[in-house]
Each structure stands twice: as C-alpha cells, then as structure tokens.
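Taking it in order: structure first as structure tokens, then the write-up.
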Amino acid sequence: MVPPARILQEMALEAGFDLVGIGAIQDPQQSEHFLHWLDAGHQADMAYLARNRERIAAPDRWRPKLRSGLSVAIDYNRPEHRLGGAKIARYALGRDYHRAMGKRLERLKKRLVGDGIAPERLHFGVDAVPFLERALAVRSGIGFFAKSNMVISPRRGPWLLLGELLVAAEFEAEAPSPGSCGTCTACLDACPTQAFVGPFELDARRCLSYTSIESRGPIPYELREAQSQWLFGCDICVEVCPFARREKESPEDPDLRLHPVLETYDLLGVLELEQEDWNRDWVGSAIRRATRNGLRRNAALALARSQESRASLALSRALQDPDPGVRSSVAWALARRGEERAAVATALDKENDPELRADLTRSLESY
Numbered sequence: 004m005v006p007p008a009r010i011l012q013e014m015a016l017e018a019g020f021d022l023v024g025i026g027a028i029q030d031p032q033q034s035e036h037f038l039h040w041l042d043a044g045h046q047a048d049m050a051y052l053a054r055n056r057e058r059i060a061a062p063d064r065w066r067p068k069l070r071s072g073l074s075v076a077i078d079y080n081r082p083e084h085r086l087g088g089a090k091i092a093r094y095a096l097g098r099d100y101h102r103a104m105g106k107r108l109e110r111l112k113k114r115l116v117g118d119g120i121a122p123e124r125l126h127f128g129v130d131a132v133p134f135l136e137r138a139l140a141v142r143s144g145i146g147f148f149a150k151s152n153m154v155i156s157p158r159r160g161p162w163l164l165l166g167e168l169l170v171a172a173e174f175e176a177e178a179p180s181p182g183s184c185g186t187c188t189a190c191l192d193a194c195p196t197q198a199f200v201g202p203f204e205l206d207a208r209r210c211l212s213y214t215s216i217e218s219r220g221p222i223p224y225e226l227r228e229a230q231s232q233w234l235f236g237c238d239i240c241v242e243v244c245p246f247a248r249r250e251k252e253s254p255e256d257p258d259l260r261l262h263p264v265l266e267t268y269d270l271l272g273v274l275e276l277e278q279e280d281w282n283r284d285w286v287g288s289a290i291r292r293a294t295r296n297g298l299r300r301n302a303a304l305a306l307a308r309s310q311e312s313r314a315s316l317a318l319s320r321a322l323q324d325p326d327p328g329v330r331s332s333v334a335w336a337l338a339r340r341g342e343e344r345a346a347v348a349t350a351l352d353k354e355n356d357p358e359l360r361a362d363l364t365r366s367l368e369s370y
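Per my numbering: the sequence shown = residues 4 to 370.
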C-alpha cells in the first residue's frame with residue numbers, strides 16, 4: 004500500500020531532497036503548450052522530443068497505471084566558476100546531478116518496495132523520461148513558472164534541480180505555490196541572443212545552453228560572440244532573476260561539490276583534449292553531455308577572448324582539426340583576435356566543405 008502523501012514527502016526529505024511536493028501527472032494545458040512549441044520548431048535538432056511527443060504530452064500512454072507524481076528538487080545555488088575566463092552553467096560544476104538525484108530516488112524507491120509496494124507501481128526519473136517535469140513541480144507546489152520557463156521557489160529561488168517519482172496512486176493535489184513574475188521581464192531582456200520569442204516561449208535554436216551542449220557541428224555564426232563567454236551552458240536568465248539575487252548560496256551538497264577536473268584544466272587543455280584524457284579525467288561530469296569535440300569547439304570560441312600568450316599558436320594548430328565544428332570555431336577565434344590571418348586563409352584554401360568554406364570566408368571578412 005502506498006503511504007499517505009505526508010509520509011511519502013517526509014521520506015523524500017529524509018532521502019536528501021530540499022523541496023518535495025505531490026501532484027497529478029496529467030496537465031492538459033501544459034501538454035498543449037508543449038505540442039505548440041514543437042510545431043513551431045523551437046526544439047531545434049532535439050529530434051527525440053518530436054519522436055516522443057505523444058508520450059510526453061500524455062504520460063498515461065506509456066505508464067497507464069501511474070496517476071500521481073512526487074516532485075523533488077535540490078537547491079544548487081553556488082558561486083560561479085570559470086575556466087580561463089569562460090563561464091560554466093552552475094548545475095554542471097559538480098558531478099552529474101542526474102546520477103546524484105537518481106541514486107537518492109532509487110534509494111527512496113527501494114525503501115518503498117521494502118515496505119511492500121510493488122515495483123511496477125513506481126517509476127522515477129531525472130530529466131531522462133518522457134515527462135514534463137517542470138509542469139509537475141508547479142502542480143506540486145514546489146514553485147511557479149518563470150517567464151524564462153524555469154521553476155521559481157519563493158523560498159529557494161530558481162536554482163533548482165528537478166526529479167520525480169511517479170506513483171500508481173492518487174493523492175489530493177497540493178496548493179499552488181504563491182508568487183509570480185508580475186511585470187518583471189529581466190530574464191527576457193537579458194538574453195544576449197534574444198532566444199525568448201515571448202514570455203514562457205524559448206526558441207532553442209538561439210539558446211546558448213542548447214548550442215553549447217546539445218547541438219553538434221559549428222555554432223551558428225551570429226551566436227558566437229555571445230557563446231564565447233560560456234564554455235558550457237548559460238545561466239544569464241537565472242542570474243538576473245530578482246528571486247535569484249535575494250537568495251543566499253546554499254550549503255554545498257556533498258554529491259555536487261566542484262568536479263576536480265575543473266581545477267586542473269584550462270581552455271588550452273580543453274582545446275587540445277585527447278580522447279584518452281576525456282575518458283579518464285571527465286568521468287562523472289555533467290559536461291560530458293556536450294561531447295569531447297563539442298566542448299573543444301566551445302573552448303576555441305572562448306579563446307577568442309583569452310589573453311593567454313599561447314592561445315594563437317594552439318588555435319593555429321587546430322585549424323586542421325578533423326572536426327568541422329572545431330575548425331569553424333578556431334577560424335572565427337583567430338579572426339576575432341586579429342592574428343594568424345594568413346593561417347586562416349591557408350586553411351580556407353585547403354577546406355573542401357562548401358559550408359565551412361563560406362564560414363571561414365565570413366570570419367576573415369568580418370574582422
């Protein structure tokens with residue numbers, strides 16, 4: 004038998020979560036919003052979202068017995084950390100939060116199974132199941148939707164990592180979280196690439212988090228100047244939020260402490276990162292999501308701003324890199340630095356890819 008909601012929430016807090024709430028897994032309004040977002044093409048190249056659109060919009064299609072969701076959150080507000088001047092999204096500074104939260108949810112599930120609940124009546128996930136987990140967090144009373152689509156807790160602010168335990172039982176709905184953005188548009192106004200089509204509407208094709216993490220190949224030319232400030236992800240729409248500025252930094256979560264690789268590498272080390280080092284040094288980091296070449300591509304853009312004396316030589320060597328995304332970023336960085344133009348011109352002469360030839364030509368002509 005599934006325990007009462009209050010007991011279930013207490014068990015979740017004991018498992019190490021900062022905020023918990025319970026709500027129905029179905030939300031027709033948010034499902035409709037999600038489908039309209041897909042139809043507008045705002046998911047960019049995240050084809051898995053389109054492939055699973057019906058399952059995401061209607062969870063009962065893949066788990067028909069599930070009725071309620073326990074939404075859980077960890078507050079990850081912490082100091083920023085830079086690598087050679089380039090910023091990294093704060094959620095990715097520690098070990099991969101998917102694993103940290105997943106282990107806690109797994110322990111919670113095992114405890115419930117030990118109390119006699121059939122395992123098939125429980126299903127947990129952390130940003131890895133076809134489910135609108137932010138919508139559940141709002142329905143569960145954890146927070147309210149920001150115009151940036153983040154979830155803001157009036158108590159904790161917007162620095163929240165979310166997960167859920169879906170349950171084959173019905174509970175009384177939680178009271179909605181108080182608060183709203185009101186007339187504030189700080190997050191929309193601060194976005195350097197104008198990725199927000201409007202309130203609650205993000206076009207991933209212009210989002211620095213998407214381009215630096217999920218996209219493969221060259222970064223769109225018009226986004227490179229803004230992207231060069233970020234090695235991985237982007238926190239701008241959270242940093243400018245009044246709820247973020249008034250919250251104190253949270254005590255360090257032992258499972259999310261700074262990954263040691265971020266204290267040993269610099270941007271040059273990332274640009275020159277070999278597969279063996281990637282496999283050894285970056286294990287357990289959320290930054291692996293970008294892939295090795297994606298991270299090297301991002302590092303090349305960031306080196307355009309670097310005062311490191313060895314940067315130009317390292318970039319010049321990378322002009323012949325096998326990866327087209329890296330080559331395009333390297334050429335742009337050298338052109339922006341105003342150095343090694345002859346090397347970029349030589350690389351252009353040797354380039355066989357028509358799109359990259361146009362890309363390199365644009366870099367040379369722009370600076």
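Each residue gets a CB set at the ideal place from its N, CA and C atoms; glycine is no exception.
Remember, predicted model here, so these are calculated numbers, not experimental data.
Do the CB positions of residue i and residue j come within less than 8 Å of each other?
i, j, result
"residue 208", "residue 334", "no"
"residue 165", "residue 154", "yes"
"residue 345", "residue 366", "no"
"residue 214", "residue 232", "no"
"residue 194", "residue 150", "no"
"residue 30", "residue 162", "no"
"residue 384", "residue 38", "With the chain represented from 4 up to 370, any question about residue 384 goes unanswered, as that position is not in the structure."
"residue 302", "residue 323", "no"
"residue 248", "residue 133", "no"
"residue 321", "residue 271", "no"
"residue 111", "residue 49", "no"
"residue 127", "residue 182", "no"
"residue 369", "residue 343", "no"
"residue 27", "residue 176", "yes"
"residue 170", "residue 114", "no"
"residue 135", "residue 33", "yes"
"residue 206", "residue 36", "no"
"residue 5", "residue 198", "no"
"residue 218", "residue 81", "no"
"residue 307", "residue 340", "yes"
When you compare only the Cα positions, how much space is there between residue i and residue j?
i, j, result
"residue 220", "residue 296", "9 Å"
"residue 353", "residue 196", "32 Å"
"residue 235", "residue 216", "6 Å"
"residue 238", "residue 92", "6 Å"
"residue 228", "residue 336", "10 Å"
"residue 104", "residue 264", "21 Å"
"residue 267", "residue 120", "46 Å"
"residue 273", "residue 83", "19 Å"
"residue 244", "residue 203", "14 Å"
"residue 189", "residue 122", "44 Å"
"residue 107", "residue 309", "40 Å"
"residue 159", "residue 361", "47 Å"
"residue 315", "residue 131", "40 Å"
"residue 200", "residue 20", "33 Å"
"residue 246", "residue 89", "25 Å"
"residue 116", "residue 313", "57 Å"
"residue 186", "residue 262", "38 Å"
With DSSP as the reference, please indicate the residues paired to residue i in a beta bridge.
i, result
"residue 85", "90"
"residue 78", "163"
"residue 26", "72"
"residue 155", "147"
"residue 205", "199"
"residue 313", "DSSP lists no partner for residue 313."
"residue 126", "169"
"residue 98", "288"
Which residues in the same chain have their Cβ closer than 7 Å to the Cβ of residue i, if we skip the five residues on either side of it in sequence?
i, result
"residue 41", "52, 53, 56"
"residue 372", "It is not possible to answer for residue 372, since the shown part of the chain is limited to 4 through 370."
"residue 145", "22, 24, 74, 76, 154, 156, 180"
"residue 174", "8, 25, 71"
Can you find the residues in the same chain that come closer than 6 Å, C-beta to C-beta, to residue i, ignoring five residues on each side of it along the sequence?
i, result
"residue 137", "154"
"residue 129", "101, 104, 105, 166"
"residue 332", "300, 303, 304"
"residue 178", "144"
"residue 192", "none"
"residue 284", "264"
Spatial neighbours of residue i within its chain, please: CB distance less than 8 Å, with the 5 preceding and 5 following residues excluded, ordered by chain position.
i, result
"residue 226", "196, 209, 211, 214"
"residue 269", "86, 87, 311"
"residue 347", "322, 334, 337, 338, 363, 366, 367"
"residue 16", "23"
"residue 298", "234, 235, 273, 276, 290"
"residue 64", "57, 58"
Is the Cβ of residue i closer than 8 Å to any Cβ of chain B?
i, result
"residue 177", "No chain B appears in the structure shown, which is made up of a single protein chain."
Should the segment 64-73 be regarded as contacting the segment 249-268, the criterion being three or more beta carbon pairs within less than 8 Å? Short answer: they don't touch.
Is the number of C-beta pairs between the segment 98-117 and the segment 281-288 that are closer than 8 Å three or more? yes
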